[in-house]
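*Asks:* Per the numbering used here, the sequence shown starts with residue -18, numbered consecutively. A virtual CB, placed ideally from N, CA and C, is assigned to each residue, including glycine. Before we start, here is the structure in question, set down as structure tokens.
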Amino acid sequence: MLSAQDLALLQKTLGRDLTDVEVACFENLWSEHCSYRSTKPLLKTLPTEGDEVLLGPGDDAAIVRFSDTCALAIGMESHNHPSYVDPYEGAATGVGGIVRDILSMGARPIALMDPLYFGPLDTEKNRYLFEQVVAGVADYGNCIGVPVVRGELVFDHSYSGNPLVNVVCVGIVDPDRYITARVKRPGNHLVLLGSSTGRDGLGGASFASRDLAGDTEAASRPSVQVGDPYTEKLLIDAILEMAETGKILSCRDLGAAGLAGASSEMASTFGAVIYADQVHLRETGMVPREIMLAESQERMMVEVAPEDVALVGRIAEKYDLGWSDVGEVISEPRYIVKFHGEVVADLPIDLLVGGAPLCSWEKKPYSAETPFSRPEAAVKDLALAVLSHPDVARKDWVYEQYDRDVQLRTVSVQNDAAVLRLEDKALVFSCGCNPRHIYLKPFEGTANAVIENASNLACLGADPLCLVNCLNFASPEHPEVNWQLEQCVLGLGDAARRMAIPVVGGNVSLYNESDEFGTQIKPTPSLGMVGRGDVRQWTAPAKGELLALIGTTEPDFGGSVLDAVTGCGGHAPAVADPAVLAVVRDLVREGRVTSATDLSLGGLLAALVKVAPQSDVTLTGDPLEELFSETYGRFLVAAKDEAALVGVEHRIIGRVGGDALTLRLKGETVVITPEELEAALSSTTRQMRF
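This is the structure:
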């Protein structure tokens, strides 16, 4: 609902009462989801420019130069609230929406990433949400032929009742031929393409801007969109064919706020008249408010010259897609909606788009770190508990549902990052963050998320090109949450500036909390990062190769997996020095190391199991600190001999080979057999139904 304060302001500004269509337009376009009214000033502090950035934030997606002949279109979105109410459709339409954002730039979508966050799988509701979200992502991505090449899975009680479904999409386009979402001149026509409009998704933008308190699934279900991936595939091919003609002057996906959102935002530099009765409909008896605000999926709007309307219509019909000539760009800065000749909305377009008053919420810092309490369990038992934690355990059950090789660009999807071949170079992908660290230290944790994603790229010899983000938080009306939000954005900006990584786009999702479970999500500024390097696959080290540790380990247990399984507490990591990333990147590029992985989730233990599960390792420091600390800026590398590491500060810790993972620790030797590793690492898979 439009707040009483906003309604009073609008009535005073316009000097009259509003029509029901106008109220609905403002309710959605002034929502947090569309207007960023709680975060806009903060987001302006982020570094958005770079040598390769052709188009930064503000459009459906950013455009970043990859080579002289190829540019990337990249964007990231969330579909959190819908994925709780209807997890399959919510996740599927989340994929569809971000794919259309990329498509609207005239780019062909080539890859997806999906950072996902859920409550623990020990409850039936959370298992259901997990299974259905994964199925929704997999089915939609597979059907449209866009590979899901990377992802993240985090399980924490704070996401019970409010899972997070974030999706990154990357596309490719000629750097001289990308399309924007701003209309070019008065007199041009606005053509609606794709699926017919029904009542599904009504009020979706407004729904996404409030918490789930008091909402039943049945009551909220009409706000969830229903996807059709086969129509989306046709739409992809049709829009790309239209783009090839050069006749599309601007283009926008119909997402939040439906036709009202897309058309008003496209025309915001001029004005527009929309003829709601010309829209091709799926249902009879729809009124103007429903036609304008429905969020039916697989729809796009294009601006074309009057003489080119028939051409785009013919291309749409070739792909069996519906189309309607529904509007016209006007020079007067007004947004007018007509229905069978009657004016049902007539608004100053700059008031509707960008005119929402900013919100100013209180901030209250907090301290959540607790003193470290040393766990009493045996080291081996702690090791197996850490490896069994669902954040560390294998995710085969998820990834096997994704077609990761469609389009034939995928080189590697193993371990730290995914690699796609693009021209004669590698496009390298990483995503995610560590919400437990970020909850304890919002600024430092978010800065380390930037460093950790860049570390994943460094392990494949790649340099970051850019990053995008989804800022997922609880209600900013809670002073502690608003402080989290501020600190996270400042930490993101600080690390991005230090590493010269432009933040080219993103999304803010607030009010992620649930009365049903009594939860507020941990601060989750999830990141998506892409880089460029030479084409190479991640490889496991060979028997007999040396294992070395690069970087300094501190007793950083707060927010670690060890903390999650024992409640040991401790302080979270300080911001790492990113200089070590260049050292590791160069080692990989020069072929001086045969394998590299960064140390983060699960510490050195998890890295050893990933890289060399059968090896002999000697660690002379405190066993818990050596194995389980999650200090950032550390790497485990393998080399044929120590001469390969000359000039690099390192510590040799062991050698690959043997029948088990042998850990020679201070005061004891721990042996973890392949069978014990398999039992621990398959723990999450065993919980899932087949």
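Residues in the same chain with beta-carbon distance under 7 Å from P423, minus the five sequence neighbours each way, listed in chain order, please.
*Replies:* Your numbering for residue 423 matches position 442 in the sequence shown. Excluding positions up to five away in sequence, the list reads Q465, Q468, C469, G472, P504.
*Asks:* Does the Cβ of V118 have 16 or more other Cβ atoms within 10 Å, making it buried, or fewer, making it exposed?
*Replies:* Residue numbering aside, residue 118 sits at position 137 when the sequence shown is read from its first letter. Buried, since its Cβ has 16 or more Cβ neighbours within 10 Å.
*Asks:* Do you know whose CA, among F251, L183, A224, lies nearest G236's CA?
*Replies:* Mapped onto the sequence shown, residue 236 falls at position 255. Closest by alpha carbon: L183.
*Asks:* Please confirm whether V318 and A257 have their CB atoms less than 7 Å apart.
*Replies:* As a working mapping, residue 318 is identified with position 337 in the sequence shown. As a working mapping, residue 257 is identified with position 276 in the sequence shown. The Cβ atoms of V318 and A257 lie closer than 7 Å to each other.
*Asks:* Buried or exposed: where does M247 fall if 16 or more other Cβ atoms within 10 Å of its Cβ makes it buried?
*Replies:* Position 266 of the sequence shown, counted from the first residue, corresponds to residue 247. Its Cβ being crowded by 16 or more others within 10 Å, M247 is buried.
*Asks:* So what's M273 in DSSP terms, helix, strand or just coil?
*Replies:* Indexing the sequence shown from 1 puts residue 273 at position 292. Three-state DSSP puts M273 in a helix.
*Asks:* Indicate whether Y316 and S231 have their beta-carbon atoms separated by less than 7 Å.
*Replies:* If you number the sequence shown from 1, residue 316 lands on position 335. If you number the sequence shown from 1, residue 231 lands on position 250. No. Outside cutoff.
*Asks:* Would the beta-carbon of E611 fall within 7 Å of that of D537?
*Replies:* Residue numbering aside, residue 611 sits at position 630 when the sequence shown is read from its first letter. Residue numbering aside, residue 537 sits at position 556 when the sequence shown is read from its first letter. For E611 and D537, yes; Cβs fall inside 7 Å.
*Asks:* Can you name, in chain order, every residue of its own chain whose Cβ lies under 8 Å from the Cβ of P559, other than the five neighbours on each side?
*Replies:* The count along the sequence shown starts at 1 and reaches residue 559 at position 578. Taken in chain order, the residues that qualify are I432, A435, A476, R479, M480, G614.
*Asks:* How would you write the range of the beta strand (DSSP E) that I653 sits in, first residue to last?
*Replies:* As a first step, residue 653 is located in the sequence shown; it is residue number 672 there, counting from the start. Taken as a continuous stretch (DSSP letters only), the beta strand (DSSP E) holding I653 covers 649 to 653.
*Asks:* From G426, E425, H418, G413, pick the residue whose C-alpha is nearest to that of L438; which is it?
*Replies:* In the sequence shown, the residue the question calls residue 438 occupies position 457. Considering only alpha carbons, the answer is G413.
*Asks:* Along the chain, where does the beta strand (DSSP E) containing C451 start, and where does it finish?
*Replies:* For the purposes of this step, residue 451 is identified with residue 470 of the sequence shown, where counting begins at 1. Start and end: 444 to 453.
*Asks:* Can you give me the start and stop residues for the alpha helix (DSSP H) that M247 sits inside?
*Replies:* The sequence position of residue 247 within the sequence shown is 266, counting from 1. That run of the alpha helix (DSSP H) goes 239 to 247.
*Asks:* Run the CB neighbour count on A455, radius 10 Å, all protein chains shown included, and call it buried at 16 or more, exposed below.
*Replies:* As a first step, residue 455 is located in the sequence shown; it is residue number 474 there, counting from the start. The residue is buried, with at least 16 neighbouring Cβ atoms inside 10 Å.
*Asks:* Please report the straight-line C-alpha distance between P356 and N415, rounded to a whole angstrom.
*Replies:* Translated into positions along the sequence shown, residue 356 becomes position 375. Translated into positions along the sequence shown, residue 415 becomes position 434. Each residue's alpha carbon lies about 22 Å from the other.
*Asks:* Mind checking whether P96 and N147 have CB atoms under 7 Å apart?
*Replies:* One-based indexing of the sequence shown puts residue 96 at position 115. One-based indexing of the sequence shown puts residue 147 at position 166. Cβ atoms of P96 and N147: closer than 7 Å.
*Asks:* Which stretch, first to last residue, makes up the beta strand (DSSP E) that contains C412?
*Replies:* As a first step, residue 412 is located in the sequence shown; it is residue number 431 there, counting from the start. 406 to 413 is the extent of the beta strand (DSSP E) around C412.
*Asks:* Which residue marks the beginning of the alpha helix (DSSP H) containing T0, and which one marks its end?
*Replies:* As a working note, residue 0 is residue 19 in the sequence shown. No alpha helix (DSSP H) holds T0; DSSP gives it neither H nor E.
*Asks:* Which residues in the same chain have their Cβ closer than 8 Å to the Cβ of P101, if we skip the five residues on either side of it in sequence?
*Replies:* The sequence position of residue 101 within the sequence shown is 120, counting from 1. Excluding sequence neighbours, P101 sits near N107, F136, D137, H138, S141, P371.
*Asks:* Please check the pair V392 and R385, which I expect to be a contact at CB under 8 Å, by giving their CB distance rounded to whole angstroms.
*Replies:* Locating residue 392 in the sequence shown gives position 411, counting from the first residue. Locating residue 385 in the sequence shown gives position 404, counting from the first residue. In this structure V392 is not in contact with R385, their Cβ atoms being roughly 11 Å apart against a cut-off of 8 Å.
*Asks:* Would a check of beta-carbon distances place A661 closer than 7 Å to chain B?
*Replies:* No chain B appears in this structure, which consists of one protein chain only.
*Asks:* For P554, does the count of other Cβ atoms within 10 angstroms reach 16, so buried, or fall short, so exposed?
*Replies:* Counting from 1 along the sequence shown, the entry for residue 554 is found at position 573. Buried.
*Asks:* Report yes if the CB atom of V172 is closer than 7 Å to the CB atom of V293, and no otherwise.
*Replies:* As a first step, residue 172 is located in the sequence shown; it is residue number 191 there, counting from the start. As a first step, residue 293 is located in the sequence shown; it is residue number 312 there, counting from the start. Their beta carbons are under 7 Å apart, which means V172 touches V293 by this criterion.
*Asks:* In its own chain, which residues sit with a C-beta less than 7 Å from the C-beta of G525, not counting the 5 before and 5 after it?
*Replies:* Here the question's residue 525 lines up with position 544 in the sequence shown. Excluding residues within five positions, the ones whose Cβ falls inside 7 Å are R636, V637, G638.
*Asks:* In chain order, what are the residue ranges of uninterrupted alpha helix (DSSP H) at least 4 long that sit wholly in the stretch 369 to 409?
*Replies:* 377 to 380
*Asks:* Of the residues V367, A407, K344, which one's Cα is nearest the Cα of H459?
*Replies:* Here residue 459 refers to the residue found at position 478 of the sequence shown. The option with the nearest alpha carbon to H459 is K344.
*Asks:* Compute the Euclidean distance between the alpha carbons of Y300 and Y211, then round it to the nearest angstrom.
*Replies:* Here the question's residue 300 lines up with position 319 in the sequence shown. Here the question's residue 211 lines up with position 230 in the sequence shown. CA-to-CA, the gap between Y300 and Y211 works out to about 11 Å.
*Asks:* Nearest-angstrom Cα distance between L658 and L365?
*Replies:* As a working note, residue 658 is residue 677 in the sequence shown. As a working note, residue 365 is residue 384 in the sequence shown. Looking at the two C-alpha atoms, the distance is approximately 8 Å.
*Asks:* How would you label Y347, buried or exposed, when you count the other beta carbons within 10 angstroms and need 16 or more for buried?
*Replies:* The sequence position of residue 347 within the sequence shown is 366, counting from 1. Result: exposed.
*Asks:* Judging by CA-CA distance, which residue of L421, G266, L84, S341 is the nearest neighbour of G551?
*Replies:* Here residue 551 is taken as the residue at index 570 of the sequence shown, counted from 1. Comparing Cα-Cα distances from G551 to each of L421, G266, L84, S341, the minimum goes to L421.
*Asks:* Are the stretch 322 to 334 and the stretch 5 to 16 touching, with three or more C-beta to C-beta distances below 8 Å?
*Replies:* yes
*Asks:* Tell me which same chain residues have a C-beta within less than 6 Å of the C-beta of R645, skipping the five on either side of it?
*Replies:* To locate residue 645, count along the sequence shown from 1; it is residue 664. Excluding residues within five positions, the ones whose Cβ falls inside 6 Å are T599.
*Asks:* Per DSSP, Q501 is paired with what?
*Replies:* Here residue 501 refers to the residue found at position 520 of the sequence shown. In the DSSP output, where bridge partners are listed per residue, Q501 has E494.
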